[in-house]
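Report on the following structure.
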Ligand code: DQA
């Protein structure tokens, strides 16, 4: 079982950017948490981050036939990207949307998520632990064959 964990713009700035919202842990802490959790639950995981929408689209397309699930934090592209929505819909790989903060409790423009319609679940507001939750959800889904 192989999971692709994709992170959008500015998530490489974790630990530096708005620590009151995103906490003090760095992007490399996040990668460690994900790899540790993958080992704990017995799945393979690959973590990637890009500030570029098109590259995220390329990676979602690449997941088809190679990965069993995607954990996607589209960051700011959540609120603007029809291209990411279309990509998730196109590949048909079960995808869980993740946000470290809860965008629904922040500025009104963050309440819109384009990708949400194509995702099997959304985990938001649980900090970095939300990535582990999303991985668990995908594993459970695959085990149940749904
Ligand atoms: C975010 C929430 C988005 O609104 C924001 O643009 C981000 C991070 C989160 O993980 O809480 O960059 O996706």
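Numbering (the numbering used here), first residue to last: 42 to 187.
For every residue, glycine included, the Cβ atom is placed at its ideal position computed from N, Cα and C.
None of these values were measured; they are calculated from a predicted model.
Straight-line gap, residue i to residue j (C-alpha atoms, nearest Å)
i           : j           : result
residue 140 : residue 122 : 15 Å
residue 79  : residue 180 : 10 Å
residue 168 : residue 71  : 10 Å
residue 51  : residue 116 : 8 Å
residue 147 : residue 156 : 18 Å
residue 84  : residue 163 : 20 Å
residue 185 : residue 113 : 21 Å
residue 77  : residue 124 : 31 Å
residue 170 : residue 74  : 8 Å
residue 61  : residue 143 : 13 Å
Same chain, Cβ closer than 6 Å to residue i, neighbours up to 5 away in sequence not counted
i           : result
residue 110 : 44, 135, 179
residue 152 : 145
Cβ-based neighbour list, residue i, same chain, cut-off 8 Å, excluding 5 preceding and 5 following
i           : result
residue 102 : 128, 131, 132
residue 100 : 45, 47, 89, 91
residue 183 : 42, 109, 110, 135
Environment of residue i [buried if 16+ CB atoms lie within 10 Å]
i          : result
residue 65 : exposed
Proximal residues to residue i (C-beta, below 7 Å), its chain only, five neighbours per side dropped
i           : result
residue 58  : 51
residue 105 : 132, 134
Handout entry: Ordered list of beta strand (DSSP E) runs contained in the stretch 147-171, each at least 3 residues
Key = 162-165
Practice task
Please confirm if the stretch 60-74 is in contact with the stretch 94-109, defined as three or more CB-CB distances below 8 Å between the two stretches.
Solution key: no
Handout entry: Secondary structure, alpha helix (DSSP H): runs of 4+ residues fully inside the stretch 66-128
Key = 68-82, 94-103
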